[in-house]
Structures are given as structure tokens and as C-alpha cells.
Amino acid sequence: MTKIFISCALPYANGPCHLGHLRSTYIPADIYARYNRMAGNEVLMVCATDEHGTPIAVKADLEGKEPIEIAKRYHDMIAEDIRSCDISLDNFARTTDKIHYKISQDFFKYLYDKGLIYEETIQQLYCENCEKFLPDRYVEGICPACGSEARGDHCEACGRALDPTELIEPKCLTCGNTPIICDSTQYFFKLSHFQEQLEDYISTNEYLPPNVRNYAENWLKEGLQDWIMTRDMKWGIPVPLEGAEGKVIYVWGEAFIGYISSAAQWSRRTGIPWEDYWDGHVVHFIGKDIIYHHSLFWPAMLMGHDCKLPDDIFAGEFLSLEGRKMSTSKNWVVWVADFVRDFDSDLLRYYLTVNAPLNKDTDFSWDDFQRRINDELADVIGNFLHRTFTFTKKFFDSKVPEYKNPSEEDLEFEKAIKELPDKVGDLISDMKFREGLVEIIKTAKKGNKYFNDQEPWKAVKEDLERASNCLYLSNQLSKVLAILLKPYIPNKADAICNMINIPIEDRWEDAKVFLEEGHTINKAKPLFKKIEDKAIEQQKEKLYKNLEESEDKKDSRDKDSKDNNKKLKDKDIGEKMDLISIDDFAKVEIKIGKIVECEKIEKSNKLLKTQIDIGDKTIQVVAGLGKRYAPEDLVGKKVPVVTNLKPAKLMGEKSEGMIMATESAAILNPDDCEIGELLM
Ligand SMILES: [Zn+2]
Ligand SMILES: [Zn+2]
Numbered sequence: 124m125t126k127i128f129i130s131c132a133l134p135y136a137n138g139p140c141h142l143g144h145l146r147s148t149y150i151p152a153d154i155y156a157r158y159n160r161m162a163g164n165e166v167l168m169v170c171a172t173d174e175h176g177t178p179i180a181v182k183a184d185l186e187g188k189e190p191i192e193i194a195k196r197y198h199d200m201i202a203e204d205i206r207s208c209d210i211s212l213d214n215f216a217r218t219t220d221k222i223h224y225k226i227s228q229d230f231f232k233y234l235y236d237k238g239l240i241y242e243e244t245i246q247q248l249y250c251e252n253c254e255k256f257l258p259d260r261y262v263e264g265i266c267p268a269c270g271s272e273a274r275g276d277h278c279e280a281c282g283r284a285l286d287p288t289e290l291i292e293p294k295c296l297t298c299g300n301t302p303i304i305c306d307s308t309q310y311f312f313k314l315s316h317f318q319e320q321l322e323d324y325i326s327t328n329e330y331l332p333p334n335v336r337n338y339a340e341n342w343l344k345e346g347l348q349d350w351i352m353t354r355d356m357k358w359g360i361p362v363p364l365e366g367a368e369g370k371v372i373y374v375w376g377e378a379f380i381g382y383i384s385s386a387a388q389w390s391r392r393t394g395i396p397w398e399d400y401w402d403g404h405v406v407h408f409i410g411k412d413i414i415y416h417h418s419l420f421w422p423a424m425l426m427g428h429d430c431k432l433p434d435d436i437f438a439g440e441f442l443s444l445e446g447r448k449m450s451t452s453k454n455w456v457v458w459v460a461d462f463v464r465d466f467d468s469d470l471l472r473y474y475l476t477v478n479a480p481l482n483k484d485t486d487f488s489w490d491d492f493q494r495r496i497n498d499e500l501a502d503v504i505g506n507f508l509h510r511t512f513t514f515t516k517k518f519f520d521s522k523v524p525e526y527k528n529p530s531e532e533d534l535e536f537e538k539a540i541k542e543l544p545d546k547v548g549d550l551i552s553d554m555k556f557r558e559g560l561v562e563i564i565k566t567a568k569k570g571n572k573y574f575n576d577q578e579p580w581k582a583v584k585e586d587l588e589r590a591s592n593c594l595y596l597s598n599q600l601s602k603v604l605a606i607l608l609k610p611y612i613p614n615k616a617d618a619i620c621n622m623i624n625i626p627i628e629d630r631w632e633d634a635k636v637f638l639e640e641g642h643t644i645n646k647a648k649p650l651f652k653k654i655e656d657k658a659i660e661q662q663k664e665k666l667y668k669n670l671e672e673s674e675d676k677k678d679s680r681d682k683d684s685k686d687n688n689k690k691l692k693d694k695d696i697g698e699k700m701d702l703i704s705i706d707d708f709a710k711v712e713i714k715i716g717k718i719v720e721c722e723k724i725e726k727s728n729k730l731l732k733t734q735i736d737i738g739d740k741t742i743q744v745v746a747g748l749g750k751r752y753a754p755e756d757l758v759g760k761k762v763p764v765v766t767n768l769k770p771a772k773l774m775g776e777k778s779e780g781m782i783m784a785t786e787s788a789a790i791l792n793p794d795d796c797e798i799g800e801l802l803m
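Quick note, the sequence shown lines up with residues 124 to 803 if you use this note's numbering.
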């Protein structure tokens, strides 16, 4: 038995959770925690909302509220999001809790007393108009490394931590002025002092997954810089030193401590020391955007404290949405609260796990979600359970029948059932959550095939032994599924236990114990309802409508703003810099077509439905050109069209291709477009 300390990256309390958060962090952490509890290990899983820092302060300024009000609002929402997806946290705290202030200040003071935090006068951005220094998100500009739009402390596009003075074209976020550079005294953490120790930690830690190790090794090669630990602002944890009035600890100097303070809060409540768990096996589940902080900065702070270091840092990669990068500002996002209003959260847990391994970027698409739920959960698992239970009721009086003189097929299937618990358990222990789930589905598929081959509906009349062996084993697999699915889809797993008429199973080992002959099962109930096309269409319409609305807002804001256009362009270049080979390009078929019909789509102010003659046939294309062109302007025009796109539905209309256009115009005539505009 091992004690395991699991932490989930602290969600930042300036917005609710979306699917990306769940996929990278909370669902994998929960699968791991639930499995380990079932396997007999002792687990402490903690999290907290990260409530300091400039984004919350900026938002509070904008709304005329106190930062704590903003933080409380989103803490409550996030807590509900996490609860609604059955993430089984042992404690969910806040970095504004008193205990967190105390531990963070003690931590800071300890490092300062050891000489690992020192004072230095540096240059900082200062807004003369607002009369204040501009830490972090109070300033925005262009990332010097990749050319993307970045906020003061961090570039989302390339993942690099930044100093605001490095930004190209910095702007004060509050008033839009260009700030000046001024002297200010701040405190620094001697990160560079730990270079060698960190190199050793990264290269010898056997648990670190390759993505974390690679990122960390690259940063180590560049050499570590000391890290500024303080900010001049009111909102935050005061620096616990004399002469440091008006300064607070930088969020990344205290957010990690949320893991500890949340655990300490749990200890106070339960009387169980959290330190025993930290001394066991420590796993941090995070998103890939904060690998730097967790693989280098946090271990160095712990080294400064002579603490045991984390054993594993598991970083989930990004999730895009319908093929494009998620963006909360463009409302191109699916919020957890919206999702669970319309669908069972277990479906989400299933889909986000089975969709791709966590060390790969992947995409959430509503069509694929529907397909996987219907084809896999409903048709494979649901179907197998349903036929097993209904046959058992109909032909064996709801009792698990006898198992006698097994055939070769029986023995082979029995073996597959018996091997499954260890196979899946090993994969989950190894952080291969998707692979574990795929094994379960594969075995259920095998179950369906076995059931078909044994034809119990015939055998029950001709060869009773064959039929009863089939139903005996099918019931055994049902029990194994009920237990093995629990870490993945806990509610559905419990529902299966109820149908089998066994207690809600909480021990992995029980999956290896077969149901006894004669055990009575309960009545079967439908477990997975198929998702209808209409439900998916509604979700997609909602999504595209959100996007249009936010683009309309943006259009009115951006009008005539050349500066903004340039930024956008630079940003796109930054994001799309990945080069492709000629083979990739050869996959795209572009033809010149002639628009023969064109009409507006009722519900949209932007989309036009066009019929385009592309030589051998006429295709229907829905194009977002309605704001630039009236339908009659386009009829008769020739346009380049991508003709081998997978058909999609937009606002309920089929679209079989894409007119090549830029953000400002279709390419009726390239002279209408700006130099450097991207095709989209
Ligand atoms: Zn960058
Ligand atoms: Zn200003």
C-alpha cells in the first residue's frame, strides 16, 4: 500500500471551467485517484482556486468591484463545475484562505533568511497616465520570442515566461498609453543557483513523461534566470519583510503552495497528517502551459526548503474545438456548466479520455463526440450489457446459469475476462488512461462477438449447456466492466452494479472474483441513450452563433484600427508558422468554380449559401461572406474553391467546400485583399 499525494493545477478564479481544463488536468487526475483508491492505496487529492494576480485585479477594476468578490464568484462556479463532473477531490481550497497566507509568507521568509531571495533595483514599466507600475497583465504587447500577442508575464503561444519590459510595443491595459521604464526595488528568487540540481532532478527522475522532460531540458540548456518574486500592487499576499510595504508576493511565488495549504486544511479537518502523503508518491497534474513553472521553478523552491520533490509531473496537452484553437475571448469554447446541462457528465469523461492520449494535442468535435458515444458506449458496452441481462432474465429466471464443460471458445473468452483487470490496472498506474479504456472497449467488443457466435437464442432450445455457458461468462464480463469502468465513468459503473445486483464495488481486486452460479440479477435498464443528430446540430449552432456575436463585437471595436490589424496578423503568423510539406499541400484540391446561385441564410447575418459550378458538378458551399457581399454581387463570379473538404453542416445547411477568402474579402480579385492577409 502506498500513500499518494495528487494535486490538480489550480484553476485561476477569473472564469469558469471549460472542456480544455477537464481534459488536461481534472479528468486524468480523477481517473488516477479513483483507480488508486480502488487498488488499496491511500490517496489525498487536493486543489484550490488561484485567486491573486493581475487578471482578477484588472477585472475587478473594470467592474468596479473588489478583487475578492470576483474571486469568490468564480471559485463558486469552478467548485460546481468540478463537482458536476464527479472529480473526487478530498479538499478544494482557496489561495485567499488564511492558512494559505500564513504558509506562503513563512515559505517566503524562510527562503529570504537563507539568502535565496534577495533585493534588487530593476527597471519596470510605469504608466504615467495611471501613475502606477504595470505588473504582468496590466500590460500587453508582442512576444519577443515568437511574435504573438502576449500579456506581461507570459506568452500563451510559445509558453515562455516573460518580463514585461521585454514586450515589443507595450501598452497599458487600463488606459492604452505606452508605458515608460522606471526604477523599482523588487525581490528575486535565486533560480540560477539551482541549475545543476535541477538538471540532475530532470535527468534522473524516472517518472517524468517525455513532454515534460523535453521542455525542461531545453529551458535548462538556455540557462536559468533568477525569478522576480514580488509585485507593486495591493491585491495579493503581503511580502512579510520590513520595508516591503506595498509589495505582494508574485502569484507564481505562492500558487504552488496552494497544494500544501489545501492539504494542510484537509489535515486540520481530518486529523490525518498530509506530510505522510507528500513523503509517499507525489503527482502533479497540470496543463502543458505551466510545465516551466512546475518542472523548474517549483522544484527549486522546494530544494531551497530541503523538501522532498514531486515524483511525477503529468502535463496534458491542448484541446482545440472543431478544429480551431479554443478562445474564451472569442467565445469559441464549451463551458462545463453548459455541457452538463445537456448531457451526462460521464459521457464527457468518456469522450475526453478516449479521444486521444494526453501527451497529444487533440480536438473536440461534436460530430465525433456523437459518433463515439453512439458507436462505442451505446453500441458496444450498452448493447453487450443489455443483451446479457435481458437473456438472463428471459431464459434463466434472472439467475447466473451454470458453467460446465466449457468449449474452446468459452475458455478463450474466460481468459480474456480474467486478464482484463490487471491489464487495465497496469495501464492506469502507468498514466495510460486512454489505453486502459480502449482495452475495456476491445474486450466488450469481443464479448459481443462471442455472444453472436454462441447464438444463445438458438442454443437455449438445442444445446442448453452452450447457452448457459455463454450467459455465465457474459454476466462475469458485465461485473468486470462495472468495476473497471468506475474510474472512468463512475455513475454509469454504479448503475451497472445495481443491475447486476452487487454492492457498489470499490475494490479493484473484486473484479477478479466471479459471480456465483445462481446469483440473481436485477432488471436491465437502458444505460446509454443514443445522441440524436438534432441535439448535436443545436450545439453546433450555439457555438457558431457565439462566435459570430463575439466577432460582431470585435468588428465594432476594431474598426479602422490598423494597429490591431497588424497585431492580429502577427499573431496568426505566430500560430501558423508550422511548415508543411508539398505532400501535405497536395492533399488539398483547389478548383476555380463559378457561383451560380447565392442566398442569405436566415438565422445568420454572415453566412451565405452558394451553389458553385466546379466543372464536373455543382456543389453547395456555405461561406461567411455575408457582411461584405450581397448575394446578387456574387452570382456569376469565379472563385477558387477547396473542393475536397469533408462536408460539414453550418446552421443546418450542408457545405461541401470552401471559397478561398481572407478576413476582409473573397478572392474575386486579389487586388481587393491586403498584402500578407491569410487565406481562411
Ligand atoms: Zn511567444
Ligand atoms: Zn495607464
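For each residue, glycine too, the CB sits at the ideal point set by N, CA and C.
None of these values were measured; they are calculated from a predicted model.
Item                                                                                                                              : Value
Length of the line joining the Cα atoms of residue 159 and residue 176                                                            : 34 Å
Helix, strand or coil at residue 354 according to DSSP, with G and I counted as helix                                             : strand
Those residues which DSSP pairs with residue 198 across a bridge                                                                  : DSSP lists no partner for residue 198.
Cβ pair residue 261, residue 181 closer than 8 Å                                                                                  : yes
Residue burial classification, residue 205 (beta-carbon count within 10 angstroms, cutoff 16)                                     : buried
Simplified DSSP assignment, three categories, for residue 733                                                                     : strand
Extent of the continuous alpha helix (DSSP H) run through residue 593                                                             : 587-607
Reference residue 397, options 127, 337, 582 and 766, closest by Cα                                                               : 127
Beta-carbon proximity check, residue 754 vs residue 731, cutoff 8 Å                                                               : yes
Minimum length 4: unbroken alpha helix (DSSP H) runs contained in the region 211-286                                              : 221-236
Residue span of the alpha helix (DSSP H) that contains residue 424, given as start and end                                        : 421-427
Status (buried if at least 16 other CB within 10 Å, exposed otherwise) for residue 136                                            : buried
Cut-off 7 Å between Cβ atoms - residues of its own chain near residue 138, not counting five sequence neighbours on either side   : 197 and 451
Ligand 2 heavy atom lying under 7 Å from the CB of residue 767                                                                    : no
Straight-line Cα distance separating residue 281 from residue 699                                                                 : Annotation note: pLDDT 36 at residue 699 (below 50); position unreliable, no value reported.
Beta-carbon contacts of residue 322 that lie in its chain and below 6 Å, excluding the five residues immediately before and after : 343
Classification of residue 185 by the beta-carbon crowding that lies within 10 angstroms, buried from 16 upward                    : exposed
For residue 524 and residue 640, believed in contact at Cβ under 8 Å, the rounded distance                                        : 7 Å
Assigned exposure category for residue 728 - 16 Cβ within 10 Å defines buried                                                     : exposed
Burial state of residue 298 (16 or more Cβ within 10 Å)                                                                           : exposed
7 Å CB neighbourhood of residue 615 in its chain, flanking five on each side removed                                              : 469, 608 and 650
Cβ-Cβ distance between residue 381 and residue 133 below 8 Å                                                                      : yes
Nearest residue (CA-CA) to residue 414, options 337, 448 and 392                                                                  : 337
Whole-number beta carbon distance between residue 488 and residue 214, since they are thought to touch under 8 Å                  : Actually they are not in contact, since the Cβ atoms of residue 214 and residue 488 sit about 35 Å apart, beyond 8 Å.
For residue 449, the nearest candidate out of 142, 777 and 778 (CA to CA)                                                         : 142
Environment of residue 589 [buried if 16+ CB atoms lie within 10 Å]                                                               : buried
heavy atom of ligand 2 below 7 Å from residue 288 C-beta                                                                          : no
C-alpha distance - residue 694 paired with residue 672, whole-angstrom precision                                                  : Its pLDDT being 37, under 50, residue 694 is placed unreliably in this model, and the value from its coordinates should be taken loosely. So the two alpha carbons sit approximately 21 Å from each other.
Beta-carbon proximity of residue 476 to residue 154, cut-off 8 Å                                                                  : yes
DSSP bridge partner residues for residue 489 (one or two, in chain order)                                                         : In the DSSP output, where bridge partners are listed per residue, residue 489 has none listed.
Residue nearest to residue 724 in terms of C-alpha spacing, selected from 778, 320 and 406                                        : 778
Under 8 Å between C-beta atoms of residue 174 and residue 183                                                                     : no
At least three beta-carbon pairs within less than 8 Å, the region 568-585 to the region 527-544                                   : yes
Residue 627 beta carbon less than 8 Å from that of residue 620                                                                    : yes
Identified DSSP bridge partners for residue 765                                                                                   : 713 and 781
Three-state class that DSSP yields for residue 622 in the structure shown                                                         : helix
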